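In terms of the UniProt record's numbering, the sequence shown has 113 at position 113, counting the first letter as 1, and numbering is strictly consecutive.
Cβ coordinates follow ideal geometry from the N, Cα and C atoms, glycine included.
Because the structure is a prediction, the values reported are computed rather than measured.
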Amino acid sequence: MISKRTAPQTPGDNFTRYRATKASALRSRRIRDSSSPSSRRLEGRRPECPPDLSSPSPPASPVVMLRVGPEQRLFAAHEAILRASPVFAEQCRSQTPSPPSRAHPYIQRPGKRIELPDEQPEVLSCVLEFLYKGDYYPRLRHNARRRAWELEESSVDADGQSVGATVWHHKVREVILRDTAIYCAAQKLGLPTLQRLALRKQGLHTGIQCNTILSSARYAYANTPDTDSKLRAHYLALIIRSRGTFKRSGTMQMEMEKGGKLFF
């Protein structure tokens with residue numbers, strides 16, 4: 001009988017085999033962990049290259065300066081906002097922006113300018129507020145309980161007239177209804193939505209004096225085309241509705257003696 005003789009094992013051989021088994025187990029565990037969903041999420045979040053923080057991002061839209069009225073009050077607005085008006089868009093298109101200065105290459109200077117010498121600053125402020133926010137103060141809101149439109153924070157003065165309803169206009173040197181001036185400005189700038197908004201707001205004012213209505217009507221007729229059927233019709237309806245008050249008005253009699261388009 002031939003017997004197979006095995007070599008005796010030494011304690012060092014068992015230790016070596018144990019270390020090899022443990023190393024292979026750790027290696028397979030690392031492979032499984034690297035392919036786990038959490039590690040893949042971390043790798044997905046890791047940017048390919050660090051962001052460059054030395055150069056700030058350029059502005060989204062150039063800034064345009066507007067000089068308004070005889071005192072040339074300055075307003076600043078983004079060109080992208082002004083382009084909602086065809087008139088402003090054409091004026092911006094016809095100008096070339098100024099290059100940035102060498103000292104501050106990342107600061108964009110307002111190179112484009114728009115001159116509005118005949119406009120009232122308070123009126124243009126409302127136009128810009130509308131272009132940015134879709135409304136101007138006081139904002140229009142719907143009263144669900146009354147099922148009617150109203151102006152927020154509306155109040156009247158000691159004479160019963162709506163506060164903030166009028167503005168002094170340098171072009172006619174008279175006090176007129178602010179919404180009328182906004183309507184006419186919107187008509188010139190090609191903003192029909194603002195025209196409708198101004199007309200609706202004007203109808204919500206109360207206690208307007210006769211001389212203010214007449215001066216506003218003159219301004220409306222002088223600054224709207226003959227084809228306008230909204231604002232002119234509003235004033236004619238207002239005068240007819242308040243004919244009893246206008247009959248007793250000396251200002252009304254003087255206006256009728258002058259004649260003009262308002263009285264045919």
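Collapsing the DSSP output to three states places residue 182 in a helix.
The UniProt domain "BTB" (62-135) contains, as complete beta strand (DSSP E) runs of 3+ residues, the segments 63-68, 73-78 and 112-116 (chain order). Counting the other CB atoms within 10 Å of its CB gives residue 95 a total below 16, which places it among the exposed residues. Of the candidates 186, 118, 243 and 113, 243 places its Cα closest to the Cα of residue 213.
Around the beta carbon of residue 179, a 10 Å sphere encloses 16 or more other beta carbons of the protein chains shown; the residue is thus reported as buried.
Rounded to the nearest angstrom, the gap between the Cα atoms of residue 65 and residue 240 is 43 Å. In this structure, the straight-line span from the alpha carbon of residue 115 to that of residue 141 is close to 33 Å. A direct Cα-Cα distance of roughly 6 Å separates residue 117 from residue 70.
Secondary structure at residue 215: helix, using DSSP grouped into helix, strand and coil. A Cβ-Cβ separation of about 17 Å leaves residue 119 out of contact with residue 175 under the 8 Å criterion. In the structure shown, residue 206 falls within a coil segment according to DSSP collapsed to helix, strand and coil.
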